[in-house]
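Student: This is the structure I want to talk about, given as structure tokens.
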Amino acid sequence: MISKNKPITIKRGFVTVKIYRTRSALGYESFQMADYSSGRRKIRTFSDLLEAKKEAGLIADRMSHGDLDVLTLRSEDRAAYLRAVEALRGTGFPLEVAAVQFAEASKILGGDSIIEAARFYAKRHPAKLPKKLVSEVVVELVEAKKTAGLGDRYLNDLRYRLGKFETSFHCPISSISASQIQEFLNSMKLSARSYINFVRVIGTLFRFAKRRGYLPRDHDEMDHLEKVKDQGGEI
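Residue 431 in the working numbering sits at position 209 of the sequence shown, with consecutive numbering throughout.
The following block contains the structure:
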């Protein structure tokens, strides 16, 4: 049994390993510590204090880097650590990396939810979808409409409005948000009818991109644009 005398403490980060000085019935001095590296509590005894400190330091180093499955922390701290390690299982990230990235993301987002931010990013940057530039999708759309037999007036209107749009967005179409589209529309100071026509044509582009698999099926950025009533007067 480990002595209840004041222990010698070896600390690495948040991990502490305690070495206890003991004396046998015959008067021999030894040094004991609890070792959890095997998954169970095991009392290890050393006759030399330097050797005990060296081993305790090695164990503490490994524990602080998450190399052991069971830690000699306070029960509530150990439980929290193990839950965190389990939550990260399968991600490939060690605990310390996850903690650093979480802290950095929290600073960037302020009070906003990291999970919501991740969902927003994943929606704008789908991993399995091709990253098609706006200009590429515009070319494909115009060509598809031309092949379908649409008239010159329609095609010219398409080229005109989408030409302005692609000039403002040199990026993958999947990365464009409703607020960016709204800012683009507002910057042109359009009449109500012209605004509606631009929204119609941009909507055609985004629906085409969804059909081609360049956007997720539930992409709904166009639904969040400001609605206006047609007062007449095209620009």
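By construction, the Cβ of each residue, glycine as well, lies at the ideal position given by its N, Cα and C atoms.
Give the C-beta separation of phenylalanine 430 and leucine 363 to the nearest angstrom, bearing in mind that I take them to be a contact with Cβ-Cβ under 8 Å.
Tutor: By one-based count along the sequence shown, residue 430 stands at place 208. By one-based count along the sequence shown, residue 363 stands at place 141. Rounded, the Cβ-Cβ distance is 5 Å, consistent with contact.
Student: Rounded to the nearest angstrom, what separates leucine 351 and phenylalanine 342 at their Cα positions?
Tutor: Taking the sequence shown and counting its residues from 1, the one referred to as residue 351 is at position 129. Taking the sequence shown and counting its residues from 1, the one referred to as residue 342 is at position 120. Going from the Cα of leucine 351 to the Cα of phenylalanine 342 covers about 15 Å.
Student: In the DSSP assignment, the alpha helix (DSSP H) including aspartate 374 goes from what residue to what residue?
Tutor: Counted from its first residue, the sequence shown places residue 374 at position 152. Taken as a continuous stretch (DSSP letters only), the alpha helix (DSSP H) holding aspartate 374 covers 374-390.
Student: Helix, strand or coil: which one does DSSP assign to phenylalanine 406?
Tutor: Counting from one through the sequence shown, the residue named residue 406 turns up at place 184. If DSSP states are grouped into helix, strand and coil, phenylalanine 406 belongs with the helices.
Student: At what residues does the beta strand (DSSP E) containing phenylalanine 253 begin and finish?
Tutor: Here residue 253 refers to the residue found at position 31 when the sequence shown is read from its first residue. Taken as a continuous stretch (DSSP letters only), the beta strand (DSSP E) holding phenylalanine 253 covers 251-257.
Student: How long is the line joining the alpha carbons of threonine 231 and leucine 331, rounded to whole angstroms?
Tutor: Position 9 of the sequence shown, counting from 1, holds the residue named residue 231. Position 109 of the sequence shown, counting from 1, holds the residue named residue 331. Each residue's alpha carbon lies about 39 Å from the other.
Student: Could you check what DSSP says for leucine 248 in three-state terms: helix, strand or coil?
Tutor: Within the sequence shown, residue 248 is the residue found at index 26, counting from 1. Of the three classes helix, strand and coil, the one that applies to leucine 248 here is coil, per DSSP.
Student: From alanine 278 to lysine 329, what does the alpha carbon distance come to, in whole angstroms?
Tutor: Within the sequence shown, the letter at position 56 stands for residue 278. Within the sequence shown, the letter at position 107 stands for residue 329. Taking the straight line from one Cα to the other gives about 36 Å.
Student: Aspartate 270 and lysine 264 - do their beta-carbons sit closer together than 8 Å?
Tutor: In the sequence shown, counting from the first residue as 1, residue 264 sits at position 42. In the sequence shown, counting from the first residue as 1, residue 270 sits at position 48. Against a cut-off of 8 Å, the Cβ pair of aspartate 270 and lysine 264 comes out as no contact.
Student: Helix, strand or coil for isoleucine 230 per DSSP?
Tutor: Along the sequence shown, read from residue 1 onward, the residue named residue 230 stands at position 8. If DSSP states are grouped into helix, strand and coil, isoleucine 230 belongs with the strands.
Student: In whole angstroms, what separates the C-alpha of glycine 333 from that of phenylalanine 268?
Tutor: The residue given as residue 333 occupies position 111 in the sequence shown. The residue given as residue 268 occupies position 46 in the sequence shown. Going from the Cα of glycine 333 to the Cα of phenylalanine 268 covers about 51 Å.
Student: Which two residues bound the contiguous beta strand (DSSP E) that contains arginine 266?
Tutor: For this step, residue 266 is matched to residue 44 along the sequence shown. Taken as a continuous stretch (DSSP letters only), the beta strand (DSSP E) holding arginine 266 covers 264-268.
Student: Output needed for glycine 425: all residues of its chain with C-beta closer than 7 Å, excluding positions within five of it in sequence on either side, in chain order.
Tutor: Locating residue 425 in the sequence shown gives position 203, counting from the first residue. Once the five neighbours on either side are set aside, the close Cβ partners of glycine 425 are Met444.
Student: With which residues is lysine 240 paired in a DSSP beta bridge?
Tutor: Indexing the sequence shown from 1 puts residue 240 at position 18. Thr231, per the DSSP bridge assignment.
Student: Using DSSP's beta-bridge definition, name the partner residues of proline 394.
Tutor: Mapped onto the sequence shown, residue 394 falls at position 172. According to DSSP, proline 394 bridges with Leu355.
Student: Whose CA, out of Cys393, Thr389, Arg383, Val307, lies closest to the CA of isoleucine 460?
Tutor: As displayed, the chain neither begins before 223 nor continues past 457, which places residue 460 out of reach and without an answer.
Student: So phenylalanine 420 is in the alpha helix (DSSP H); what residue range does that whole segment cover?
Tutor: What you label residue 420 is simply residue 198 of the sequence shown in a count that begins at 1. Taken as a continuous stretch (DSSP letters only), the alpha helix (DSSP H) holding phenylalanine 420 covers 414-433.
Student: For arginine 439, name the three-state secondary structure that DSSP assigns.
Tutor: The residue you call residue 439 lines up with position 217 of the sequence shown. DSSP places arginine 439 in coil when its eight states are reduced to three.
Student: Give the C-beta separation of glutamate 388 and valine 360 to the nearest angstrom, bearing in mind that I take them to be a contact with Cβ-Cβ under 8 Å.
Tutor: Here residue 388 refers to the residue found at position 166 of the sequence shown. Here residue 360 refers to the residue found at position 138 of the sequence shown. The Cβ separation is near 5 Å, so the contact holds.
Student: Since I believe alanine 400 is in contact with histidine 446 (beta carbons under 8 Å), could you give me their beta-carbon distance rounded to a whole number of angstroms?
Tutor: Here residue 446 corresponds to residue number 224 of the sequence shown, with the count starting at 1. Here residue 400 corresponds to residue number 178 of the sequence shown, with the count starting at 1. Contact holds; Cβ gap of about 4 Å.
Student: Helix, strand or coil for alanine 370 per DSSP?
Tutor: Along the sequence shown, one-based indexing puts residue 370 at 148. Coil.
Student: What are the start and end residues of each continuous alpha helix (DSSP H) run of 4 or more residues lying completely inside the stretch 312-347, in chain order?
Tutor: 317-331, 336-346, all fully within the stretch 312-347.
Student: For valine 423, count neighbouring C-beta atoms within 10 Å of its own C-beta (all shown protein chains included) and say buried if the count is 16 or more, exposed if not.
Tutor: As a position in the sequence shown, residue 423 is number 201, starting the count at 1. With 16 or more Cβ atoms within 10 Å of its Cβ, valine 423 is classed as buried.
Student: Out of Arg284, Arg381, Lys354, Lys240, which has the shortest C-alpha to C-alpha gap to glycine 436?
Tutor: Locating residue 436 in the sequence shown gives position 214, counting from the first residue. Looking at the sequence provided, one finds tyrosine at residue 436 rather than glycine. Ranking the options by Cα distance to tyrosine 436, first place goes to Lys354.
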